[in-house]
Amino acid sequence: MSTNVLSGKKLATLVQQKAQELAQVLENSGRHPVLAVVVATDDESTLWYVRSIERVAERLGIGCRIIDLGPEATEHVLASVLEDLSAEPSVNGIILQTPLPVGVKADALVGLIAPEKDIDGANPLSLGRLAVGQPAFAPATAQAVVELLEHFQVPIAGRNVAVVGRSAVVGKPLALLLLERDATVTVCHSKSGPLERYTQPADVVVVAAGRAGLLKGNHLSPETVVVDVGTNVLPDGSLVGDVDEASVSGVAAALTPVPGGVGSVTTALLLLHTVEAARRQEPAQLAAATSAART
Numbered sequence: 037m038s039t040n041v042l043s044g045k046k047l048a049t050l051v052q053q054k055a056q057e058l059a060q061v062l063e064n065s066g067r068h069p070v071l072a073v074v075v076a077t078d079d080e081s082t083l084w085y086v087r088s089i090e091r092v093a094e095r096l097g098i099g100c101r102i103i104d105l106g107p108e109a110t111e112h113v114l115a116s117v118l119e120d121l122s123a124e125p126s127v128n129g130i131i132l133q134t135p136l137p138v139g140v141k142a143d144a145l146v147g148l149i150a151p152e153k154d155i156d157g158a159n160p161l162s163l164g165r166l167a168v169g170q171p172a173f174a175p176a177t178a179q180a181v182v183e184l185l186e187h188f189q190v191p192i193a194g195r196n197v198a199v200v201g202r203s204a205v206v207g208k209p210l211a212l213l214l215l216e217r218d219a220t221v222t223v224c225h226s227k228s229g230p231l232e233r234y235t236q237p238a239d240v241v242v243v244a245a246g247r248a249g250l251l252k253g254n255h256l257s258p259e260t261v262v263v264d265v266g267t268n269v270l271p272d273g274s275l276v277g278d279v280d281e282a283s284v285s286g287v288a289a290a291l292t293p294v295p296g297g298v299g300s301v302t303t304a305l306l307l308l309h310t311v312e313a314a315r316r317q318e319p320a321q322l323a324a325a326t327s328a329a330r331t
């Protein structure tokens, strides 16, 4: 059996086109959507990723401000910058890019991102709203998984989905998004025991554990659809996912590639979220007028 490749490139292009069209509508009304990315690292792969966001944003007509604080930035400095950006009317979306400097924890900072500007669902308030079905931006990577499945018309409702990994960035929000679409979801983690116990009965397996080659062919039943969220850099500099492609190919019905799968859609969604955030946010003068009217 051959394994179909579920490339994210076409879907990423479609999402980018939608973001560009909405950005142009805003531009025509005198509003320019702006994303701010806060960086505090000298990790070259992270800096390359941030620059790639900046390039795509520029092409789509979306402003992108890179606030590079350097790898020595303190938690106090980061907190101050996030608070300022949250209060700045000209900024519509905010991302706190990881990794952070040693000793600085994202948990202490993401709560400072205004929920209406939290376009990557990092603030715990966003996850809480997502859990109870209230409007919130989902983490872009988790949403990218669902968007890819729907793009390729992979059934979700009534299907068994195994999510490998329970991070607040992917695993937990993804489980919520899948439950919202009527899937039966199992979340696997390091204490779950033999992985195949959960992945073999699954119709769809999403692996987001950050371990190269974790998911192998013997963990799957034939006809399973596999979504690989992992991004692992090997010593030679190459990028691989969490799936052992050699053993999974020929067993799985379909598989997303790394790179070229979930990641490309994630970047496009971050920019679409920025434009959507800008559409929801009132211009400063309208906000002031509304506030005055209420008082």
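For what it's worth, the numbering used here labels the leading residue of the sequence shown as 37, then goes sequentially.
C-beta: ideal position from N, C-alpha, C; glycine also.
Give the straight-line distance between the Cα atoms of residue i and residue j, rounded to the nearest whole angstrom.
i: A150; j: G139; result: 23 angstroms
i: D79; j: P135; result: 8 angstroms
i: V168; j: V200; result: 23 angstroms
i: R315; j: Q60; result: 11 angstroms
i: T220; j: G194; result: 7 angstroms
i: G53; j: L42; result: Checking the sequence, you will find Gln at residue 53 rather than Gly. Distance between the alpha carbons of Q53 and L42 is about 20 angstroms.
i: K46; j: V92; result: 15 angstroms
i: G253; j: D280; result: 8 angstroms
i: G297; j: E259; result: 19 angstroms
i: C224; j: Q189; result: 24 angstroms
i: G299; j: L50; result: 14 angstroms
i: R87; j: A198; result: 33 angstroms
i: G121; j: Q317; result: According to the sequence provided, residue 121 is Leu. The question's Gly does not apply to it. Whole-angstrom Cα-Cα distance: 14 angstroms.
When the Cα of residue i is compared with those of the options, which residue comes out closest?
i: A142; options: G157, N128, T222, G273; result: G157
i: R271; options: Q60, A248, R87, T235; result: The amino acid occupying residue 271 in the given sequence is Pro; Arg does not appear at that position. Looking at the Cα atoms, A248 is the closest of the given residues.
i: A76; options: A238, P137, A245, G246; result: P137
i: Q56; options: A290, E94, A109; result: E94
i: V301; options: A245, A48, V276; result: A48
i: V311; options: F173, A115, L215, A198; result: F173
i: A176; options: A282, A204, A198, R87; result: A204
i: P209; options: Q170, L145, L166; result: L166
i: C100; options: L83, P69, A304, T39; result: P69
i: S81; options: L307, S274, L306, T292; result: S274
i: N40; options: E318, L308, A290, L305; result: A290
By DSSP, does residue i sit in helix, in strand, or in coil?
i: A325; result: For A325, the predicted model reports a pLDDT of 33, less than 50, meaning its position is unreliable and no value from the coordinates is stated.
i: R165; result: helix
i: R202; result: coil
i: L136; result: coil
i: D120; result: helix
i: A290; result: strand
i: L50; result: helix
i: V197; result: strand
i: G246; result: coil
i: G273; result: coil
i: L58; result: helix
i: L148; result: helix
i: L251; result: strand
i: V41; result: strand
i: N159; result: coil
i: N128; result: coil
Terminal residues of the continuous beta strand (DSSP E) containing residue i?
i: I89; result: No beta strand (DSSP E) holds I89; the alpha helix (DSSP H) holding it covers 80 to 96.
i: T222; result: 220 to 224
i: A72; result: 70 to 75
i: G99; result: 99 to 104
i: V262; result: 261 to 264
i: V241; result: 240 to 243
Taking the alpha helix (DSSP H) that residue i falls in, what are its first and last residues?
i: D280; result: Premise fails: D280 is in no alpha helix (DSSP H) and is neither H nor E.
i: G299; result: 298 to 316
i: L210; result: 207 to 216
i: E152; result: Run containing E152: none; DSSP gives neither H nor E here.
i: L180; result: The identity of residue 180 in the sequence shown is Ala, whereas the question assumes Leu. First-last of the alpha helix (DSSP H) with A180: 176 to 187.
i: T235; result: 232 to 235
### Query
Would the stretch 179 to 190 and the stretch 261 to 268 be scored as touching if the rule is three or more Cβ pairs under 8 angstroms?
yes
>> Three Cβ pairs or more, each shorter than 8 angstroms: is that satisfied between the stretch 68 to 75 and the stretch 96 to 112?
In response: yes
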